[in-house]
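Enquirer:
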Amino acid sequence: MPGQRTTGKVGLVGTGMVGASFAYALMQRGLANELVLVDLDMARAEGEAMDLNHGLPFVRPMRMYAGTYERLEGAEVVVITAGANQRPGETRLDLLQRNASVFRDIVP
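With the first letter of the sequence shown counted as 1, position 54 gets the number 57 in my numbering; the numbers rise by one all the way through.
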């Protein structure tokens, strides 16, 4: 898109439904030159990276791969989409407490 700024390296922590959607949108819009996917479940991050890499021939060139927290070094932006799913009957406040704990584990 004209006038659109491209970011060098973007980090994504959490490759669930929201994270995978974010990565797809970032790729489609050509907003980054590099995207590193981080998840506690490394196999999930690797699978999402492989799936998304299949679409790279149709978009602006970029590098996309699964990695660890160390690979986030040098990222201009790190997006955190990791979080707990709401349990049946769980209040939003209880969910917030669990997600705050997840966030503290990621950003000490």
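Idealized CB from N, CA, C, for every residue including glycine.
Compute the Euclidean distance between the alpha carbons of Val16 and His57, then round it to the nearest angstrom.
Expert: Going by the C-alpha atoms only, they are around 21 Å apart.
Enquirer: Please report the straight-line C-alpha distance between Val110 and Tyr72, rounded to a whole angstrom.
Expert: Whole-angstrom Cα-Cα distance: 11 Å.
Enquirer: Within 8 Å, do at least three Cβ pairs link the region 61-80 to the region 34-41?
Expert: The region 34-41 is in contact with the region 61-80.
Enquirer: Taking the straight line between their C-alpha atoms, what separation do you get for Gly22 and Met30?
Expert: One C-alpha to the other measures close to 12 Å.
Enquirer: Can you give, in chain order, each stretch of the alpha helix (DSSP H) that sits fully within the region 8-51 and has at least 4 residues?
Expert: As far as the region 8-51 is concerned, its whole alpha helix (DSSP H) runs of at least 4 residues are 20-32.
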